[in-house]
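Heads up: the sequence shown runs through residues -3 to 297, numbered per the numbering used here.
We put the beta carbon where it would ideally sit given N, CA and C, even for glycine.
Predicted model, so just to flag it, every value in this text is computed and none were measured.
Report on the following structure.
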Amino acid sequence: MSFKSRFIKFNSQSLSDKLFDIVNYTLLAIIAFLVIYPLYFIIIASFSDPVAINNGKVTVFPVGFNITGYQKIFENTKIWTSYANTIFYTVVGTMINLVLTMMLAYPLSRRKFCLKNIILFLVMFTMYFQGGMIPTFLWMSDLHLYNTRLVILLLPAINVFNLIIAMNYIKNNIPEELFEAASIDGYGHIPYFLKIVLPLSQTIEVVLILYYGVAHWNEFMNGLIYLRDEALYPLQLTLRAILLQNQASGLGDVDSMLEQQKAAELIKYGLIIVSTLPVMVIYPFMQKHFSKGVMVGSIKG
């Protein structure tokens, strides 16, 4: 709808409707500002003088423009290795998550599946009760997954919340009669799942890709617990190490401590941009499918 048509529609409304629209748009504008400005501030702060940031002079535009923080970040060769690791974990891990989630969501969405309630109970049980960190660590060690890429890929293989969304989406959007029609043509469950269910579930698949992809991109805790080889570190773990290395140690003369503290301040903001920029770039292209898929998949049939 063009601005002119919106303006004509606004003039034709009653006074109460106009007041509602004014209040509604004002609140939305305030909320949008509260969400967007912190992100904008991080961007301009990463290019500003740390002294100006601490003195509150950085509000709208960068002050004392410099890229020292980014230089120190990208001078560290480990960051490129961790970037490659995170891309690998995100791509391969998301594929594993998507395949396993859809494979389990399909039988659980079938009303005639005899083991549906038992499996669903066991899956839901893990959502509320877990073994804990130490038993899981011992389990990963016994399986020889400790300090391997597989522990990052397989440990979070299926998220119960995402599974429920996918299950409800299939149940509510792909009727049982479609399988009966396909079975007349000689389709069993596997061909039906591969050739009909998956193509018709693209909306929820985009949602799952976004959920799982962001989780893998932000992977930190599992890497911290189960990885000791820095060559396997995901991006977030390497960024943490860079930040800790550049924190003031409390030793040395005052001038060197101040310079180190300034560099750490710039690196802090730069790390946020480096770690979140890829997700922020990709999200707008998936947002349309994401909103629709979450709403449809969240409805219980």
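| Asked | Found |
| --- | --- |
| Can you find the residues in the same chain that come closer than 6 Å, C-beta to C-beta, to K74, ignoring five residues on each side of it along the sequence? | T234 |
| Is there a C-beta anywhere in chain C that falls below 8 Å from the one on T64? | Of the protein chains in the structure, only one exists, and it is not chain C. |
| With a cut-off of 8 Å, do at least 3 Cβ pairs link the stretch 199 to 211 to the stretch 141 to 149? | no |
| Could you check where the alpha helix (DSSP H) with P131 kicks off and where it finishes? | M129 to D138 |
| Got a sec? Which residues, its chain only, sit under 6 Å from F43 by beta carbon, not counting five neighbours each side? | P58 and F61 |
| Determine the DSSP secondary structure at V54, reduced to helix, strand or coil. | coil |
| From the DSSP output, in three-state form, read off Y79 for me. | helix |
| Rounding to the nearest angstrom, what Cα-Cα distance links T97 and P195 in this structure? | 15 Å |
| Can you have a look at S105 and say buried or exposed, based on whether 16 or more other CB atoms are within 10 angstroms of its CB? | buried |
| Which runs of the alpha helix (DSSP H) at least 4 residues long sit entirely within the stretch 158 to 208? Give them in chain order. | 172 to 180 and 185 to 188 |
| Quick one: Cα of N298 to Cα of E261, how far? | With the chain covering only -3 through 297, there is no way to say anything about residue 298. |
| Three Cβ pairs or more, each shorter than 8 Å: is that satisfied between the stretch 20 to 39 and the stretch 221 to 233? | no |
| Considering only residues of the same chain and omitting the five flanking positions on each side of A153, which have a CB-CB separation below 8 Å? | I92, N93 and L96 |
| Is L267 closer than 8 Å to I238 when the C-beta atoms are compared? | yes |
| Would you mind sorting H298 into buried or exposed? The rule is 16 or more other CB atoms within 10 Å of its CB. | Residue 298 lies beyond the stretch modelled for the chain, which goes from -3 to 297, so this question has no answer here. |
| On a Cα-Cα basis, can you pick out the residue from M120, I148, I278 and V277 that is closest to F133? | I148 |
| Excluding sequence positions up to five away, which residues of its chain have a Cβ less than 7 Å from the Cβ of T77? | A227 |
| If you pair each beta-carbon of the stretch 48 to 58 with each one of the stretch 30 to 40, do three or more pairs fall below 8 Å? | yes |
| Given this structure, state the Cα-to-Cα distance separating D181 from I83, to the nearest angstrom. | 41 Å |
| Alpha carbons only, please: which of V156, L111 and K108 is nearest the one belonging to F121? | V156 |
| Please state the DSSP three-state secondary structure of S44. | coil |
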